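*Asks:* Chains as they are written, first to last, in the numbering used here: chain A, 7 to 196; chain B, 1224 to 1468.
The C-beta atom is built at its ideal place from N, Cα and C for all residues, glycine as well.
Only a predicted model underlies this, so the values are computations on that prediction, with no experimental measurement involved.
Below is the structure I would like to discuss, written out as structure tokens.
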């Protein structure tokens, strides 16, 4: 995915009403570019599927409020992730209060059985979700950004506001846990 | 840094786009977000942002913050220097000495900070244990290391799924023989496969594409064993079989 830079969006209003552009990056450009990223982050940061839509919406409302804090040279993805992380944290607490069972009832699960590939992907996603749920917040964030969003270590360092060595260290530990988790899953099923 | 093994990468590759939003969510969420912004719904999560304050208030905020920070640093310095002064006044000037009576009976001996190991302990330390001999130098014997070696099987669900997906893709693309070869490889790789049913379904599917008549028996066996499989309808179509009630 191409990064939104000041050069690509400067002076270009991507269909917003007047007054919604703040700084050199417009809300709409960032939304168009990064909506899927924010959505995926919410899911991977442990937000319940039935709350992902609300959480993504809140993240963009926060983004709108804090857009002027986004420096022109900074990575928009990193900035959005830091926003998403805080929103996700809040939503996880909401989910704990409401209870997973009630949320599962609210979630409209599609009964449609798809082709083999779709089922395989769903299974892989469920396995991944189970692994992410047992990771602590710090390692989960690094793992999600590195392995799923394929961000570079410096980008992750910026997004999480931790130093580069900490990123490498957390990633190493998270990878180790992932391999252990898959081994345990394999042993459990096979 | 150690890379992930292939089966772990395979699972991540499968899962990577599984969490993408539904097609209509983008427009819906944007509309809802803009409504919330228009309604002035700014009381969401996240720390308060000074950028949303008017310039005068912002200047005042930073003024107060700077003053408070200065006060805090002064307080820390004051407490620190008081503590240091207290330690200097209350600590004995010289290190602890043994009583004079002992000094007379024994020659003064500097007390080492770390007790030397006794002879038995020294000999135990000199002879490496069996575990040390097996373990490479510098290797850590953590909880996870033991767990890894005890339970790590080579055949995982993700690796199985990846091989089956490759076979499925070949069959779908019309490369039936290549698909069957990959299914053979799958059966050779995994002695006790967790996805034997899917493998059988794909094999029936491939063979039906080559010769529906010859593969009919195999297809019926698969459909009888797995009537609700996600491959059932594909096998029925490929083998030109009637749908099961």
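For residue 1409(B), count neighbouring C-beta atoms within 10 Å of its own C-beta (all shown protein chains included) and say buried if the count is 16 or more, exposed if not.
*Replies:* Residue 1409(B) should be labelled buried.
*Asks:* Against chain A, which members of the region 1249 to 1261 of chain B pass a CB distance test of less than 8 angstroms?
*Replies:* Of all residues in the region 1249 to 1261 of chain B, 1249, 1251, 1252, 1253, 1255, 1256, 1259 and 1260 have a Cβ within less than 8 angstroms of some Cβ in chain A.
*Asks:* For residue 56(A), which option in 1248(B), 1427(B) and 1263(B) has the closest C-alpha, if you only look at C-alpha atoms?
*Replies:* When each option's Cα is compared against that of residue 56(A), the closest is 1248(B).
*Asks:* Check whether the region 86 to 97 of chain A and the region 152 to 168 of chain A are in contact - that is, three or more C-beta pairs closer than 8 angstroms.
*Replies:* They touch, by the three-pair rule.
*Asks:* Give the C-beta separation of residue 184(A) and residue 1227(B) to the nearest angstrom, bearing in mind that I take them to be a contact with Cβ-Cβ under 8 angstroms.
*Replies:* About 7 angstroms; that satisfies the 8 angstroms criterion.
*Asks:* Which residues in the same chain have their Cβ closer than 6 angstroms to the Cβ of residue 1461(B), if we skip the five residues on either side of it in sequence?
*Replies:* Within the same chain, residue 1461(B) has close Cβ partners 1428, 1431 and 1432.
*Asks:* So, does the CB of residue 1225(B) fall closer than 9 angstroms to a CB anywhere in chain A?
*Replies:* Yes, its Cβ sits closer than 9 angstroms to a Cβ of chain A.
*Asks:* I'd like the list of long-range same chain contacts for residue 75(A), defined as Cβ closer than 6 angstroms, with 5 residues on each side in sequence excluded.
*Replies:* Same-chain partners within the cutoff: there are none.
*Asks:* CB-CB under 7 angstroms to residue 1463(B), same chain, minus the five flanking residues each way: which ones, in chain order?
*Replies:* Around residue 1463(B): 1435.
*Asks:* Please confirm if residue 63(A) has its CB atom under 9 angstroms from at least one CB of chain B.
*Replies:* By this cut-off, residue 63(A) is an interface position.
*Asks:* Could you check the C-alpha separation between residue 125(A) and residue 1296(B) for me, to the nearest Å?
*Replies:* Computed Cα separation, rounded: 59 angstroms.
*Asks:* Taking 9 angstroms as the CB-CB cut-off, is residue 1446(B) touching chain A?
*Replies:* Not closer than 9 angstroms to any Cβ of chain A, the Cβ of residue 1446(B) fails to qualify, so no.
*Asks:* Which residues in chain A sit within 8 angstroms of residue 1391(B), going by Cβ to Cβ distance?
*Replies:* Near residue 1391(B) (Cβ distances below 8 angstroms), the residues of chain A are 122 and 123.
*Asks:* According to DSSP, is residue 1237(B) helix, strand or coil?
*Replies:* Correct three-state label for residue 1237(B): helix.
*Asks:* Check each candidate in 1390(B), 1421(B), 1383(B) and 1393(B) and name the one with the smallest Cα separation from residue 189(A).
*Replies:* When only C-alpha atoms are compared, the closest one is 1383(B).
*Asks:* Note down, in chain order, every chain A residue with its Cβ under 8 angstroms from the Cβ of residue 1421(B).
*Replies:* Those within 8 angstroms of residue 1421(B) in chain A are 122.
*Asks:* Could you check the C-alpha separation between residue 1260(B) and residue 103(A) for me, to the nearest Å?
*Replies:* Straight-line Cα distance between these residues: approximately 26 angstroms.
*Asks:* Can you list, in chain order, the residues of its chain whose CB lies under 6 angstroms from that of residue 1457(B), leaving out five sequence neighbours each side?
*Replies:* Contacts found: 1428.
*Asks:* Determine the DSSP secondary structure at residue 157(A), reduced to helix, strand or coil.
*Replies:* Correct three-state label for residue 157(A): coil.
*Asks:* Please determine, among 1414(B), 1238(B) and 1421(B), the residue with the shortest C-alpha to C-alpha distance to residue 129(A).
*Replies:* Selected option, being the one with the closest Cα: 1238(B).
*Asks:* Mapping the DSSP letters down to three states, classify residue 1391(B) as helix, strand or coil.
*Replies:* Looking at residue 1391(B) - three-state DSSP - the assignment turns out to be helix.
*Asks:* Applying the 10 Å Cβ sphere with the 16-neighbour rule, what's the burial state of residue 62(A)?
*Replies:* Residue 62(A) comes out buried.
*Asks:* Where do the ends of the alpha helix (DSSP H) carrying residue 143(A) lie?
*Replies:* Unbroken alpha helix (DSSP H) run through residue 143(A): 143 to 149.
*Asks:* Nearest CA to the CA of residue 1255(B): which residue from 43(A), 38(A) and 59(A)?
*Replies:* Here the closest residue by C-alpha is 59(A).
*Asks:* From the DSSP output, in three-state form, read off residue 1229(B) for me.
*Replies:* Residue 1229(B) falls in the helix class under three-state DSSP.
*Asks:* Let's see if you can read the secondary structure: which residues bound the alpha helix (DSSP H) around residue 1403(B)?
*Replies:* Segment 1399 to 1412, the alpha helix (DSSP H) holding residue 1403(B).
*Asks:* Please confirm whether residue 48(A) and residue 93(A) have their CB atoms less than 9 angstroms apart.
*Replies:* Closer than 9 angstroms, so yes.
*Asks:* Return no unless some Cβ of chain B is closer than 9 angstroms to the Cβ of residue 133(A).
*Replies:* Chain B, which has a Cβ nearer than 9 angstroms to the Cβ of residue 133(A), makes this yes.
*Asks:* Tell me, to the nearest whole angstrom, how far the beta carbon of residue 1242(B) is from that of residue 50(A); I am working on the premise that it is less than 8 angstroms.
*Replies:* So it is a contact: roughly 6 angstroms between Cβ atoms.
*Asks:* What residues in the region 70 to 86 of chain A have a beta carbon less than 8 angstroms from any beta carbon of chain B?
*Replies:* Per Cβ criterion, the list reads 70, 71, 72, 74 and 75.
*Asks:* Taking 9 angstroms as the threshold (C-beta atoms), are residue 134(A) and residue 180(A) in contact?
*Replies:* No, Cβ-Cβ distance for residue 180(A) and residue 134(A) is not below 9 angstroms.
*Asks:* Which of the residues in the region 141 to 165 of chain A, read from start to end, lie with their CB under 8 angstroms from any CB of chain B?
*Replies:* Listed in sequence order: 153 and 154.
*Asks:* Return the first residue and the last residue of the alpha helix (DSSP H) that residue 1444(B) is part of.
*Replies:* Taken as a continuous stretch (DSSP letters only), the alpha helix (DSSP H) holding residue 1444(B) covers 1435 to 1448.
*Asks:* Chain B partners of residue 136(A), CB-CB under 7 angstroms?
*Replies:* The contacting residues do not exist; residue 136(A) stays about 11 angstroms from chain B at best.
*Asks:* Using a beta-carbon distance below 9 angstroms, is residue 57(A) in contact with chain B?
*Replies:* So no, residue 57(A) is outside the interface.
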